[in-house]
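Before any comments, here is the structure.
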DNA sequence: GCGGCTAATTATGTATACATAAAATCAAAA
DNA sequence: TTTTGATTTTATGTATACATAATTAGCCGC
């Protein structure tokens with residue numbers, strides 16, 4: 015009954031969008047494959063109109079590509095696309111960090127970020143890194159990036175970062191999860207935590223250029239680790255692999 | 015007859031999108047105003063389905079904002095939003111320039127860019143700056159930015175820059191036209207030309223950091239000039255003012 | 001046997017009808 | 001006169017029917 019109500023509370027369009035996104039990210043629909051609207055109607059259970067709305071939104075999201083003759087196909091991504099996306103995101107977040115530093119943030123604005131860092135520190139300080147702990151880390155990491163982005167107080171920057179994070183491999187939770195394949199996972203945790211703290215220090219001291227540089231380097235490190243993690247894989251099925259690892263972060267919690 | 019054929023060659027969705035965008039940018043629809051679908055059906059002459067598709071696309075474009083209770087409203091932009099958008103674009107283009115420089119470009123890839131610079135130089139060298147000459151300059155400038163973006167050879171970066179340029183005040187032609195209000199227009203031409211040449215030199219010599227820095231400074235200069243030009247205006251009617259000045263640049267000419 | 005053309009089928013683009021939810025207006029009561 | 005509630009109207013969300021264009025399959029000709 016709860017499920018039923020939850021399903022009814024969202025529009026058919028959103029439901030179709032979620033279902034189709036799942037299908038794409040899970041690999042049910044292969045890159046280059048044309049998405050049949052009628053087939054989507056069958057699998058999602060909603061009518062063609064909301065399905066088409068969902069397809070348009072997924073195209074804007076970057077998961078689909080419009081076919082000139084009509085309709086949409088699943089977009090494919092090369093390893094380079096993925097690495098570029100991460101660097102792109104780092105550049106954007108660097109701008110956000112600089113804006114936050116240059117324009118100054120109140121102690122009140124900084125509080126949730128500091129709390130986030132404290133939680134992360136607590137998590138890392140315990141010796142063993144369990145699976146659950148890693149999951150919590152991913153959530154905290156995603157929240158850190160979201161908080162930092164909002165700290166820029168720049169609607170255009172926030173919007174652009176959100177759109178750049180739509181692809182699972184470009185989102186904070188996405189590429190962090192992909193790194194979980196690395197053996198030195200806990201080491202990465204500590205490096206990340208250190209970076210975060212420095213970013214906050216830089217922002218607190220209003221050192222814009224420093225904050226930006228650190229965020230960029232942060233992204234480059236992530237890209238480097240991801241590249242290592244992906245070295246042993248074929249790059250055609252990267253998307254489903256990364257997507258399955260990605261964790262959905264609660265959205266409406268500003 | 016030509017007009018009729020041209021109108022028929024594009025889909026109803028695109029036609030509705032163009033018509034609605036014109037209405038928004040021309041100021042017929044004021045920021046915060048709810049867009050009535052039925053009214054849009056009347057003004058555009060197309061049915062509700064393509065109108066709704068167009069509304070979704072315009073929302074993704076950043077011109078509209080979804081109303082929680084349903085429907086869309088025209089988005090408003092503060093002066094700070096506009097300046098941030100320009101800096102954002104400069105940051106993105108800086109990344110593109112760096113990618114182009116670091117990854118190296120062939121002489122063949124660089125050729126159209128150099129031709130563009132040559133045309134610009136010719137234009138600037140003539141003493142008087144006529145209205146038509148300025149118009150040509152705007153076109154050349156927009157083409158330069160497009161070529162430079164493509165030079166990054168990074169699909170994610172190109173895509174992101176395109177999306178960041180969707181707003182008229184964030185597009186190269188948009189903010190350059192806004193600068194036309196400045197008295198020292200011809201001076202700006204020369205500065206821009208100089209910047210462009212340096213960027214190409216930096217890219218040709220594979221100096222990524224330099225190319226990036228110049229592109230960023232280029233954007234900051236544009237933002238500064240725009241801020242001066244806007245000083246005497248109310249910031250509520252910025253969008254229509256900028257949009258009317260903006261020139262549509264041919265799209266499919268890669 | 002292979003290639004091109006034609007026809008048929010299927011899929012997309014568009015329009016419209018219907019249902020539900022929201023908003024506005026009018027009326028009644030405080 | 002103002003506020004609240006109910007009713008009516010309108011607008012959005014959804015579904016489906018129809019038309020056109022594209023793709024595929026089959027057939028005929030070379």
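Residue numbers (the numbering used here), protein chains in the order written: chain A, 15 to 268; chain B, 15 to 268. C-beta atoms are modelled at their ideal positions from N, C-alpha and C, and glycine is treated no differently. Keep in mind that this is a model prediction, so the values were computed, not measured.
Quick check: the Cα distance between residue 180/A and residue 112/B, rounded to an integer number of angstroms?
24 Å
What's the gap between the Cα of residue 116/B and the Cα of residue 169/B?
16 Å
When 86/A, 41/A, 184/A and 109/A are compared against residue 167/A, the one with the closest alpha-carbon:
109/A
For the segment 58-80 of chain A, list every residue whose C-beta sits within 8 Å of some C-beta in chain B, in sequence order.
63, 66, 67, 70, 71, 74 and 76
Residue-chain proximity (residue 236/A, chain B), Cβ-Cβ < 8 Å:
no
Are the segment 148-159 of chain B and the segment 120-139 of chain B touching, with three or more C-beta to C-beta distances below 8 Å?
yes
How should residue 197/B be labelled, buried or exposed, when 16 other C-beta atoms within 10 angstroms of its C-beta is the threshold for buried?
Only weak support exists for where residue 197/B lies, its pLDDT of 46 falling under 50; the coordinates are left without a value.
Within chain B, partners of residue 241/A - CB distance below 7 Å:
Correct list: empty, because the minimum Cβ distance to chain B is about 15 Å.
Under three-state DSSP, which class holds residue 65/B?
Residue state, collapsed to three classes: helix.
Among the candidates 102/B, 82/B, 209/B and 25/B, whose CA atom is the shortest distance from the CA of residue 173/A?
102/B
Inter-residue CB distance, residue 70/B and residue 98/A (contact presumed, cutoff 8 Å)
Not quite, the Cβ-Cβ distance comes to about 27 Å (not below 8 Å), so this is no contact.
Hey, does residue 30/A have any beta-carbon neighbour from chain B nearer than 8 Å?
No, residue 30/A does not count as interfacial toward chain B.
Among 56/B, 77/B and 119/B, which one has its Cα closest to the Cα of residue 183/B?
For residue 183/B, the nearest C-alpha among the options comes from 77/B.
Does the Cβ-Cβ distance between residue 107/B and residue 175/B come in under 8 Å?
yes
Burial state of residue 267/B, where buried means 16 or more other Cβ atoms lie within 10 Å
Low confidence applies here, because residue 267/B scores a pLDDT of 30, under 50, leaving its location unreliable and the question unanswered by this model.
Would DSSP call residue 162/B helix, strand or coil?
helix
Do residue 118/B and residue 224/B have their C-beta atoms closer together than 8 Å?
Contact flag unset, no.
What residue range does the alpha helix (DSSP H) around residue 56/B cover?
Counting along the chain, the alpha helix (DSSP H) containing residue 56/B begins and ends at 51-58.
Contacting residues, own chain, Cβ-Cβ under 6 Å from residue 222/A (five flanking each side not counted):
112, 115 and 116
When DSSP builds the beta bridges, which residues end up paired with residue 79/B?
BP columns for residue 79/B point to 87/B.
Per-residue DSSP class, three states only, for residue 167/A
coil
Whole-angstrom distance between residue 73/A and residue 64/A, CA atom to CA atom
14 Å
Beta carbon of residue 93/A, beta carbon of residue 244/A: below 8 Å?
yes
From which residue to which residue does the alpha helix (DSSP H) around residue 234/B run?
222-244
Measure the Cβ-Cβ separation of residue 44/A and residue 51/A and say whether it is below 8 Å.
no
On the three-state DSSP scale, how would you describe residue 119/A?
coil
Rounded to whole angstroms, what's the CA-CA distance from residue 13/B to residue 137/B? Just pull it up for me.
The displayed coordinates of chain B run from 15 to 268. Any statement about residue 13/B would go beyond what the structure contains.
Comparing the C-beta of residue 178/A with each C-beta of chain B, is any distance below 8 Å?
yes
What separation, rounded to the nearest whole angstrom, lies between the Cα atoms of residue 33/A and residue 234/B?
43 Å
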